[in-house]
Ligand code: CMP
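In our numbering, the protein residues as written are 31 to 166.
Here you go:
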């Protein structure tokens, strides 16, 4: 079964810094994910902590929040059939060294922290994450 879904994508500071945003967007578009909205911004560490609060008990939480707020990011609403799982497939495994060939993290990721992109992991989280960046 295929469902029309929306998901949140973040191009993280390491990828924005290396001017990879357009290459990453081309991968989404080529794979039938439509970019419904996008913006470039920099968030504070407190905002990053709110965004990643599901990870607050994890040992890497502090570094994660410091990293996401360390430079400009680009956030996007992607829409398409099974957009949530499709985006996760296109991103590849969280740790670039475990990611499959031709996935975004394999192509561009540097490390488990600097892994270039984030994508929502469920319908519920997609709604929460889209609202976080695109309040209206
Ligand atoms: P992301 O998909 O944005 O979700 C949470 C992020 O935490 C993840 O990508 C990684 O960049 C980062 N992270 C750092 N260490 C770990 C870890 N050990 N396991 C999972 N995620 C980690």
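Quick reminder that beta carbons are idealized off the backbone N, C-alpha and C, glycines included. Keep in mind that this is a model prediction, so the values were computed, not measured.
Per DSSP, the unbroken beta strand (DSSP E) holding residue 38 starts and ends at 34-41. Residue 119 has no beta-bridge partner at all, per DSSP. DSSP assignment within the region 39-80 yields the following whole beta strand (DSSP E) runs of 3 residues or more, N-terminal first: 64-71. Straight-line spacing of the CA atoms in residue 155 and residue 37 works out to 9 Å.
Contact annotation, residue 78 with residue 98: C-beta distance approximately 4 Å; criterion of less than 8 Å satisfied.
In this structure, the CA atom of residue 118 is about 8 Å from the CA atom of residue 151. Between residue 46 and residue 33, the alpha-carbon positions lie close to 30 Å from each other.
Rounded to whole angstroms, residue 68 and residue 164 show a C-alpha spacing of 9 Å. Per DSSP, the unbroken alpha helix (DSSP H) holding residue 136 starts and ends at 134-138. Taken atom to atom, the span from the alpha-carbon of residue 92 to that of residue 100 is near 12 Å. In this structure, 104 is the residue among 148, 104, 158 and 115 with its C-alpha nearest to the C-alpha of residue 49. DSSP links residue 111 through a beta bridge to 34.
At least 8 Å separates the beta-carbon of residue 126 from that of residue 43. Shortest gap from the CB of residue 73 to any heavy atom of the ligand CMP: 7 Å or more.
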